[in-house]
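**Student:** Dropping the structure in here first, questions after.
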Amino acid sequence: MSTETTTKEILRGGQFLVKETNCEDIFTPEDFSEEQKMMRDSVIEFNDREIVANRDRFEAKDYALTQEVMTKAGEMGFLGVAVPEAYGGLGMGFISTMIVCEYISSGSGSFSTAFGAHTGIGTMPITLYGTEAQKQKYVPKLATGEWFGAYCLTEPGAGSDANSGKTTATLSADGKSYKINGQKMWISNAGFCKLFIVFARIENDKNITGFIVENDPSNGITLGEEEHKLGIRASSTRQVFFNDTVVPVENMLSERGNGFKIAMNALNIGRIKLAAACLDSQRRITTNALKYATERKQFKTAIVDFGAIKSKLAEMATSLYAGEAASYRAAKNIEDRIALRMAAGNSHQEAELKGVEEYAIECSILKVAVSEDVQNCSDEGIQIFGGMGFSEETPMEAAWRDARIARIYEGTNEINRMLSVGLLIKKAMKGHVDLLGPATAVGNELMGIPSFDIPDYSELLSEEKEMVAKLKKVFLMVAGSAVQKYGPALDEHQMLLLAASNVLIEIYLAESAILRTEKNVKRFGEEAQKEQIAMSKLYLYNAVDTVIKNGKEAIVSMAEGDEQRMMLMGLKRFTKYTNQPNVVELRNIIADKLKAENKYCF
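The sequence shown runs 25 to 626 under our numbering.
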C-alpha cells in the first residue's frame, strides 16, 4: 500500500457531492503503472488476435468458439486477475482488474458477457463469501479456466425484484444435503459451465440463500435451448431447471438467508466492471467511425470535414473521456479503501466486500452513464456509416445490438438510477454523508440576496469547477425538498428519483472529467491538454442542460406557489454561466485532433 494512500483522506462513497475533491487526489488513466500498461497491451493483443479477428464467427452464434477463447483467456491468466494468488489467481489490484475487463470486452459482446459472467458473478461470490474449503476446492479451477461458472438468480417471476424467487431448497431428513427445485432464466454461460451459483429459498425464509452447485445432468439439472437474442449472439444463454438436485450442506454459500446480500454485493462489483467493459468498445466504435468518415467522400469532400459529422465525433469522444475519468476515479477509491481495510487487519474477503460496498452509489452511477454512452456512441457510429452502418458487412450494427443489453443486466438502468439516490439518502440517515447541513445552507442561500460581483475566472477551469459546485447545490435543493416533503415515502415517487439521479450522474461525470484534465494540465502543460480542456468544457455544457431539464421537472412536480418560484429561481442561479463556452469551437477542436490522429487518441 502506498504512503499516499495512508496519508490522504479517502472520501467515502457519495461524499463527492458535499466535499471538495482536489485533482491531485484522483486517479486517471494517465496514472497507469508500467505493470498496468504491460497488462493492458497484453490484453489488447489477445483481443485483436482471438476475438476481433473472429468477429464473424461470434456473430454466427459459434458458442464453441466462445468456450474455446475463454479457455485461452484462462491460460493467459486473464480469468484470475482478481483472484488471490493463494487460490491460483494473479492477485492484482482493483484497477488492474478494471483494465483487463475493459480491454478484453471490446472485440465481441458475446465474449464480454461470458468473461464478465464467469469472472464476476460466477467466481467472485465464492472468493468473497466462500469458506476456506470452498475456495480451495473451486476457485483455482475457475481462476485458470479449467471450469467455467454461471450465476442463477433471475426467474420468470423474479427479475429486478430478485429476492422474490420461487426456487426452493429443502433440507434432507438426515440433515446432510438440500434438494433444490425451480427454474432459472437468462443464465449466461449455462451451455458450457461446470458450476452454478444458485439462489433458492429455504422454507419460508424472508431472504434467499446462495448455494454452490456443480453442473451434473445426472443430478436433476436440465437446460433449455439457447435463447435467440438481439445481440451477444454467441453468449450461451439458457434456462436452467433444477429437479430434486441434491446439494451437500457444506455447499451453502455464506449463511442461511444471506443470498440477497451476496447477490447485491456481487452486482455492485459487476456494475463498475460493466462500465469498464463499455469503455474500449466506445474507443473502437469512435475510431472505426472516424476512419470511415475520413475515407468516405460526398460532394467531393471527406465527410469528416462536415460540421454535422465533426459534431458527432466530438460528442462521442467527449462522453468516453468523461466515462474513463469517472470509472478509474471510482476504481482507485475502491482499491484504496480495500488497502486501508487490509492494513487495519481485515481479511481479503471482508476488505474487498466492504471496499466495493462503500462505493455502491458510484458503481450504480457508472453503470448507468457508461452503458447509455456506449449505446449512443454505437448509434451515432451507424449514422456516420450511413446505409453501410445498417449492414452486417460493417461492425457497427453488431456493436449497436451488443450494446443494448448493457442497460438491462446488472440491474436495469432505471433500478440503478433510483438506487443511487436511495443509497445516498440512506447514507445521510446513518450519518455517513452529511446532506442535511449542505442542503440547509443551500436553502439559506436561496433566501439571501445573490452576489452581483463578477468572479475572477482567470485560472484555467476555475469557472467550470464553480459550475460543478453550483450543480451540486441543485441536487441538494431538489433532493432536500423531496426528502422533507415525502420522507420515507420518497421511494414511491419514482419519477422524482429518476430526475434527481440524472442530476447526480451528470455531477459525478462532469467533475471527474474536469479533475482529470486539471491534474494532467499541471503535469503535461496546457497546450498538451488543449483537446482535453475542450472535452471537459463540452461535457459540462451538456451536463448543465441535463440538470436544467431534470431539475425543472422535479421542482414543478413537487412544489407549488412561492416555494416553486423560489426553487426555479435557484435552479436558474445555480446553472448560470458567467462566460458561456463556444460550443461549436469546442467540437471543432476535438474533431480536428481526432482527424489528425485518425483514432481516439486521448
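Backbone N, C-alpha and C define an ideal beta-carbon position, used for all residues, glycine too.
(1) Quick one: does the C-beta of GLU179 sit closer than 7 Å to a heavy atom of the ligand GTP?
(2) Below 8 Å between beta carbons: does that hold for LEU152 and GLU382?
(3) Output the distance between the C-alpha atoms of GLU584 and THR418, rounded to the nearest integer angstrom.
(4) Under 8 Å by Cβ, that's how I've got ALA290 and PRO149 pegged, so tell me the actual separation to the nearest angstrom.
(5) I need the straight-line Cα distance from GLU535 to LEU247, nearest angstrom please.
(6) Spatial neighbours of ALA341 within its chain, please: C-beta separation below 7 Å, excluding the five flanking residues on both sides.
(7) Among GLU238, GLN207, CYS176, which has the Cα closest to the Cα of LYS218?
(8) Which residues in the same chain as THR178 place their Cβ atom closer than 7 Å to its Cβ, once the five residues preceding and following it in sequence are excluded?
(9) Could you compute how far the alpha carbon of GLN306 sits from the alpha carbon of ALA427?
(10) Among LYS285, GLN407, THR192, which one has its Cα closest to the Cα of ASP268?
(11) Indicate whether ASN622 and THR318 have their beta-carbon atoms separated by less than 8 Å.
(12) Kindly indicate the opening and closing residues of the beta strand (DSSP E) around VAL627.
(13) Counting Cβ pairs closer than 8 Å, one from the segment 60-68 and one from the segment 557-575, do we hit at least three?
(14) Decide yes or no for the touch test of the segment 37-48 against the segment 104-113: beta carbon pairs closer than 8 Å, at least 3 of them.
(15) I need the DSSP call for THR31, collapsed to helix, strand or coil.
(16) Quick check on the burial criterion: 16 or more other C-beta atoms within 10 angstroms. Buried or exposed for ASP185?
(17) Touching or not, the segment 357-374 and the segment 116-133, by the rule of three or more beta carbon pairs under 8 Å?
(18) With DSSP collapsed to three states, give me the class of THR233.
(19) Taking contact to mean 3 or more Cβ pairs, one atom from each stretch, closer than 8 Å, check whether the segment 598-607 and the segment 492-499 are in contact.
(20) For ILE408, which residues in the same chain have their Cβ closer than 7 Å to its Cβ, ignoring the five residues on either side in sequence?
(21) Tell whether a beta-carbon distance below 8 Å holds between ILE256 and GLY413.
(22) Do CYS387 and SER343 come within 8 Å of each other at the CB atom, strictly closer than that value?
(23) Our contact map puts ALA141 next to ASN78 with C-beta atoms below 8 Å; I'd like the distance itself, whole angstroms only.
(24) Which residues does DSSP pair with ARG225 in a beta bridge?
(25) How big is the Cα-Cα spacing for THR155 and ILE236?
(26) Under 8 Å between the Cβ atoms of ALA423 and GLU274?
(27) Who pairs with GLN207 in a beta bridge, going by DSSP?
(28) Output needed for ILE478: all residues of its chain with C-beta closer than 6 Å, excluding positions within five of it in sequence on either side, in chain order.
(29) List the DSSP bridge partners of LEU277.
(30) Could you tell me whether the Cβ atoms of ASN277 and ALA430 are closer together than 8 Å?
(31) Rounding to the nearest angstrom, what Cα-Cα distance links PHE323 and GLY411 in this structure?
(32) Among residues of its own chain, excluding the 5 on either side of ALA84, which ones have a beta-carbon nearer than 8 Å to its beta-carbon?
(33) Mapping DSSP to helix, strand and coil, what is PHE220?
(34) Counting along the chain, where does the alpha helix (DSSP H) carrying GLY643 start and finish?
(35) Got a sec, what are the start and stop residues for the alpha helix (DSSP H) LEU628 sits in?
(36) With a floor of 4 residues, list each alpha helix (DSSP H) that falls wholly inside the segment 77-152, ordered by position along the chain.
**Tutor:** This is what the structure holds:
(1) Absence of the ligand GTP is noted for the structure shown, with no ligands found whatsoever.
(2) Counted from its first residue, the sequence shown places residue 152 at position 128. Counted from its first residue, the sequence shown places residue 382 at position 358. With a cutoff of 8 Å on beta-carbon distance, LEU152 and GLU382 are scored as not near each other.
(3) Taking the sequence shown and counting its residues from 1, the one referred to as residue 584 is at position 560. Taking the sequence shown and counting its residues from 1, the one referred to as residue 418 is at position 394. C-alpha separation (whole angstroms): 53 Å.
(4) In the sequence shown, residue 290 corresponds to position 266, counting from 1. In the sequence shown, residue 149 corresponds to position 125, counting from 1. ALA290 to PRO149, Cβ: 5 Å. Contact.
(5) Position 511 of the sequence shown, counting from 1, holds the residue named residue 535. Position 223 of the sequence shown, counting from 1, holds the residue named residue 247. Rounded to the nearest angstrom, the gap between the Cα atoms of GLU535 and LEU247 is 47 Å.
(6) For the purposes of this step, residue 341 is identified with residue 317 of the sequence shown, where counting begins at 1. These residues qualify, in order along the chain: THR310, MET559, ILE614, LEU618, TYR624, PHE626.
(7) Numbered from 1 along the sequence shown, position 194 holds the residue referred to as residue 218. The option with the nearest alpha carbon to LYS218 is GLU238.
(8) Residue 178 sits at position 154 when you count from the first residue of the sequence shown. In the same chain as THR178, and ignoring 5 residues on each side of it, the C-beta atoms closer than 7 Å to its own belong to LYS208, MET209, TRP210, in chain order.
(9) Within the sequence shown, the letter at position 282 stands for residue 306. Within the sequence shown, the letter at position 403 stands for residue 427. Cα to Cα, the separation comes out at about 10 Å.
(10) Here the question's residue 268 lines up with position 244 in the sequence shown. It is THR192.
(11) For the purposes of this step, residue 622 is taken as the residue at position 598 of the sequence shown. For the purposes of this step, residue 318 is taken as the residue at position 294 of the sequence shown. THR318 is positioned such that its CB atom lies closer than 8 Å to that of ASN622.
(12) Nothing can be reported for residue 627: it is not among the residues displayed for the chain, which extend from 25 to 626.
(13) The answer is no - the segment 557-575 does not touch the segment 60-68, with fewer than three Cβ pairs under 8 Å.
(14) Contact fails: fewer than three Cβ-Cβ distances are below 8 Å.
(15) Taking the first residue of the sequence shown as position 1, residue 31 is located at position 7. For THR31, the pLDDT reaches just 42, beneath the cut-off of 50, and the residue's location in the model is therefore unreliable, leaving the point undetermined.
(16) For the purposes of this step, residue 185 is taken as residue 161 along the sequence shown, with counting starting at 1. Exposed, since its Cβ has fewer than 16 Cβ neighbours within 10 Å.
(17) A contact between stretches requires three or more CB pairs, one per stretch, nearer than 8 Å, and the segment 357-374 meets this requirement with the segment 116-133.
(18) Here residue 233 corresponds to residue number 209 of the sequence shown, with the count starting at 1. Looking at THR233 - three-state DSSP - the assignment turns out to be strand.
(19) As far as the Cβ criterion goes, the segment 598-607 touches the segment 492-499, which means the pair count is three or higher.
(20) Translated into the one-based positions of the sequence shown, residue 408 becomes position 384. If we look at ILE408 and ignore the five residues flanking it on each side, its Cβ neighbours are ALA313, TYR316, ALA317, ILE333, LYS336.
(21) Position 232 of the sequence shown, counted from the first residue, corresponds to residue 256. Position 389 of the sequence shown, counted from the first residue, corresponds to residue 413. No. Outside cutoff.
(22) Walking along the sequence shown from the start, residue 343 turns up at place 319. Walking along the sequence shown from the start, residue 387 turns up at place 363. No, the pair does not count as a contact, with Cβ atoms beyond the cut-off.
(23) On the sequence shown, residue 141 is found 117 positions in, with the first residue counted as 1. On the sequence shown, residue 78 is found 54 positions in, with the first residue counted as 1. In fact, because the Cβ distance is near 19 Å, the residues do not count as touching under 8 Å.
(24) Residue 225 sits at position 201 when you count from the first residue of the sequence shown. Paired residues: THR192.
(25) On the sequence shown, position 131 is the one that residue 155 refers to. On the sequence shown, position 212 is the one that residue 236 refers to. Taking the straight line joining both Cα atoms gives about 11 Å.
(26) Reading the sequence shown from its first residue, position 399 is the one you call residue 423. Reading the sequence shown from its first residue, position 250 is the one you call residue 274. The answer is no: Cβ separation not under 8 Å.
(27) Mapped onto the sequence shown, residue 207 falls at position 183. DSSP links GLN207 through a beta bridge to PHE265.
(28) The residue you call residue 478 lines up with position 454 of the sequence shown. Closer than 6 Å at Cβ, skipping near neighbours: no residue.
(29) Mapped onto the sequence shown, residue 277 falls at position 253. Looking at the DSSP output, LEU277 shares a beta bridge with GLY234.
(30) Here the question's residue 277 lines up with position 253 in the sequence shown. Here the question's residue 430 lines up with position 406 in the sequence shown. Note that residue 277 is Leu in the sequence shown here, rather than Asn. LEU277 places its beta carbon 8 Å or farther from that of ALA430.
(31) Start at 1 with the first residue of the sequence shown, and residue 323 comes out as number 299. Start at 1 with the first residue of the sequence shown, and residue 411 comes out as number 387. Computed Cα separation, rounded: 17 Å.
(32) Taking the sequence shown and counting its residues from 1, one reaches residue 84 at position 60. Taken in chain order, the residues that qualify are ARG257, ALA258.
(33) Along the sequence shown, one-based indexing puts residue 220 at 196. When DSSP states are grouped into helix, strand and coil, PHE220 belongs to the strand group.
(34) Here the chain covers residues 25 to 626 and nothing more, so residue 643 does not appear.
(35) Coverage of the chain is limited to positions 25 through 626, which leaves residue 628 absent and any answer about it impossible.
(36) For the segment 77-152, whole alpha helix (DSSP H) runs of length 4 or above, ordered along the chain, are 79-83, 87-99, 118-128, 133-140.
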